[in-house]
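Numbering-wise (UniProt numbering), the sequence shown opens with residue 1 and increments by one.
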Amino acid sequence: MTYNLYKFHLIYFYNVKKSVSTNFQINWYKNIEKIKNKYEDENHSDLDNSKTKLILLLNFECKEDAVPFHKLSHRTLLQIYKRTKDDEQKGYCKNRLYYLSSRLNCPPKQLAELLPKRTFLYNLSFEWLENSLNVLLDFGVSPDRILRDLWVLKYHHETINERLLRVKNLGIENLYPWMVRCTENILNRYIEISQQTKNILGEDESTQVYLAKRLNISLEEIEEICVKIPSLKTIRVTKLKPFLDFLISEGFSLEDIARKPRVLTASQNTVKQRLDQLRHLGLKSINLNILSRGRKDFKKYYTSLQSVLQNKQNS
1 MTYNLYKFHL
11 IYFYNVKKSV
21 STNFQINWYK
31 NIEKIKNKYE
41 DENHSDLDNS
51 KTKLILLLNF
61 ECKEDAVPFH
71 KLSHRTLLQI
81 YKRTKDDEQK
91 GYCKNRLYYL
101 SSRLNCPPKQ
111 LAELLPKRTF
121 LYNLSFEWLE
131 NSLNVLLDFG
141 VSPDRILRDL
151 WVLKYHHETI
161 NERLLRVKNL
171 GIENLYPWMV
181 RCTENILNRY
191 IEISQQTKNI
201 LGEDESTQVY
211 LAKRLNISLE
221 EIEEICVKIP
231 SLKTIRVTKL
241 KPFLDFLISE
251 GFSLEDIARK
261 PRVLTASQNT
271 VKQRLDQLRH
281 LGLKSINLNI
291 LSRGRKDFKK
301 YYTSLQSVLQ
311 NKQNS
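In structure tokens form, the structure reads like this:
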């Protein structure tokens, strides 16, 4: 009724607008807007009621689990409803939210926040979802890692098996979902780095233990250094070893590196360029902390030093 009235006002206004005063047109337009807003409110209310009815049919165990699903469109909820009813009729589960919650040891409330952003999980066949999940868990991929990368469940279980088996056969124990999704080049690079790391550290040694041995200091001292310089914890040993070798070959002692370990967080190429610049000025004794300064700070130091040396030559 409201919609028909709205249409009538629009048609009438269009036919008479040329022959009426401006004030009349303004008042008429305001009237049309009121009718339009009322129609949209009624339509929105009907849509909300329809969505609520669908959500009530999705077998949620409590209202809190259902709340995030209200953000979804009516069309998406209808697809989820059809899949949920199919799963229920075939005896698979009452709602995939609770199936995944059980398999991944995750509270339903936490998962309920994720699923409306990953509705593809309701588009996959249950057999596909279950098989992919089984392979990941059988290979020891932690539920927490799967939760952070649910996209991996879009991949066929044979693809997942082939990728993870290949990585595991190379002696890599820590498996991640991204290993399934990444390109061949990225996976091959990761495998190469992992093998290099294993060759340097051996089977059980950690990067921190390796650094302690190389610098002839205790593990406790390394741990204290890592508290002061957190970025040191994330440096790969494949970068650390050649960098240490380079610094030693440039004449820096182990004691000097241990006292100023921040240099290890810098780029080896940057450190080499700065060493060349400073030595070109004739500097023989070089502080490692200067080499690891920010670009602006180093430039300021270098310019100041260059000016001082030029003044000495001129005097």
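Positions of the beta carbon are idealized from the N, C-alpha and C atoms, including for glycine.
Q: Can you tell me which of the three DSSP states His156 falls into?
A: coil
Q: Measuring alpha carbon to alpha carbon, tell me which of Leu305, Arg83, Arg279, Leu100 ends up nearest Glu250.
A: Arg279
Q) Enumerated in chain order, which unbroken segments of the alpha helix (DSSP H) with a length of 4 residues or greater are wholly contained in the stretch 229-256? A) 237-249
Q. Assuming Leu150 contacts Leu121 under a Cβ cut-off of 8 Å, what Cβ separation, rounded to an integer in Å, is found between them?
A. Right, their Cβ atoms sit about 7 Å apart.
Q: Give a yes or no on whether the C-beta atoms belonging to Pro143 and Leu104 are separated by under 8 Å.
A: Pro143 is a Cβ neighbour of Leu104, given a cutoff of 8 Å.
**Q.** 8 Å contact criterion, which Asn289 and Arg262 should meet: CB distance rounded
**A.** Indeed, because the Cβ distance is near 7 Å, the residues count as touching under 8 Å.
**Q.** Distance, Lys284 Cα to Gln313 Cα
**A.** 17 Å
Q. For Thr183, which three-state DSSP category applies?
A. coil
Q) Between which two residues does the alpha helix (DSSP H) carrying Lys85 extend? A) 74-89
Q) What separation, rounded to the nearest whole angstrom, lies between the Cα atoms of Leu147 and Pro242? A) 37 Å
**Q.** C-alpha distance - Lys94 paired with Phe126, whole-angstrom precision
**A.** 12 Å
Q: With a threshold of 16 other CB atoms inside 10 Å of the CB of Asp41, please say whether the residue is buried or exposed.
A: Bear in mind that the predicted position of Asp41 carries a pLDDT of just 44, short of 50, making it unreliable; the figure below should be weighed with that in mind. Exposed: under 16 other Cβ atoms inside 10 Å.
**Q.** Contacts around Gln277, its chain only, beta-carbon distance under 8 Å, and the 5 residues preceding and following it disregarded
**A.** Tyr302
Q) Does the stretch 104-114 touch the stretch 76-93, meaning 3 or more C-beta pairs lie closer than 8 Å? A) no
Q) For Gln208 versus Leu219, is the C-beta distance shorter than 8 Å? A) A distance below 8 Å separates the beta carbons of Gln208 and Leu219.
(Q) Buried or exposed for Ile186, going by 16 or more other Cβ atoms inside 10 Å? (A) exposed
Q. Among the residues of its own chain, which have a CB less than 6 Å from the CB of Arg83, if the five just before and after it don't count?
A. Tyr122
Q: Would you please state the rounded distance, in angstroms, between the beta carbons of Leu275 and Gln306? I believe it to be under 8 Å.
A: About 15 Å separates the Cβ atoms of Leu275 and Gln306, ruling out a contact at the 8 Å cut-off.
Q: Please determine, among Glu130, Asp86, Leu164, Glu173, the residue with the shortest C-alpha to C-alpha distance to Ser102.
A: Glu130
(Q) By the three-class DSSP mapping on this structure, what secondary structure does Lys260 have? (A) coil
Q. To the nearest whole angstrom, what separates the beta carbons of Phe246 and Gln268, a pair I think is in contact under 8 Å?
A. 6 Å between Cβ atoms; contact.
(Q) DSSP three-state label for Glu192, please. (A) It is helical.
Q: Would you give the residue range spanned by the alpha helix (DSSP H) that Glu64 belongs to?
A: 63-66
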